[in-house]
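Worksheet: one structure, shown below.
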Amino acid sequence: MLLTTILVVVGFCVGGAENWKMENCPVTSKPVTEKPITEEPITEEPVTEEPAKCCEWPISAIGVNSLNLTLNDFECDEPIRIDCARASLNDGAQKVGIAGFKDRSDTSKYTILAAMEFRVQKTVICSPPNNKWYPEGTPEDKFSGFTCAFLLNNGTWQYAIYLK
C-alpha cells in the first residue's frame, strides 16, 4: 500500500498527470541505502545434562530378608543395609550371600559381595553420577541391583530377584 502511494505521487511529480509540474513537487535529497537483511545465526546454548543426584532403588522386591529402610521410606541416595539369613540349618544351603548385579536387564550375571554360614549384612552406597551402587568400602565396584543368594550343597548359588 505504501509503495503504491509513493509510486503514484512520484508519477504525478514527474509529469504523470497533466496539471502536475516538477516545481510543484518538493524535492528532498536523501541517499537511500539498503541494509541487507541478514539472519543472525541462531546459536543454541549447549545443553548440559546435570548429573543425577539420586540413585534408583536397587533392592529386589523378593528374596531379601530385611533392610534398614523400605522402598516407601527411600528418598534418593541414602545408604541401604541389606540383611540376608538362612531359614534353618537343614535348608539345603551351605552359606548365605548377597548378590550384586551390574546390569538390571541381565540378572544371569552376578557377583557375590559377601557370604557367611548363617547371616550376612552389607551396606551399599549410592553413586549418583552413574546411578549405580557400590558396597561400602569398595567404590570401584558398581552395581544396579542386589538380592540374597544361597550357596547350595551342590556348589551353585541360587537366588530370587525381581528388580523393577
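Taking full-length UniProt numbering, the leading residue of the sequence shown gets 1, the next gets one more, and so forth. All residues carry an ideal CB built from backbone N, CA and C; glycine is no exception. Please read these numbers as outputs of a predicted model, since none were measured by experiment.
Residue i versus residue j: straight-line alpha-carbon distance, rounded
i: G92; j: N153; result: 6 Å
i: F118; j: S105; result: 29 Å
i: A87; j: A99; result: 17 Å
i: P139; j: T123; result: 12 Å
i: Q121; j: G97; result: 8 Å
i: N65; j: L163; result: 15 Å
i: T107; j: K142; result: 14 Å
i: L89; j: G155; result: 16 Å
Check: residue i C-beta below 6 Å from any heavy atom of the ligand HEM
i: D103; result: Looking at this structure, you won't find the ligand HEM or any other ligand, since it has none at all.
Environment of residue i [buried if 16+ CB atoms lie within 10 Å]
i: V9; result: Residue placement at V9 is flagged as unreliable, the pLDDT there being 44, under the threshold of 50; the coordinate-derived value follows with that caveat. V9 comes out exposed.
i: G137; result: exposed
Neighbourhood of residue i by C-beta distance below 8 Å, restricted to the same chain and skipping five residues each side
i: C55; result: C76, D77, C126, S127, P128, N131, K132 and W133
i: L67; result: I59, I80, R81, I82 and D83
i: D103; result: K109 and S144
i: K53; result: C76, D77 and P128
Own chain residues within Cβ distance below 7 Å of residue i, not counting five before or after
i: G63; result: T147, C148, Y159, A160 and I161
i: L151; result: A93, Q94, K95, G97, A115 and W157
Residue i - containing beta strand (DSSP E), residue span
i: I112; result: T111 to M116
i: V96; result: A93 to F101
i: A149; result: G145 to L152
i: A85; result: I80 to A85
i: R119; result: R119 to S127
Residue-level contact to chain B via CB, residue i, 7 Å cutoff
i: S144; result: Absent from the structure is chain B; it holds one protein chain and no more.
When you compare the region 69–81 with the region 99–115, are there three or more beta-carbon pairs, one atom per stretch, that lie closer than 8 Å? no
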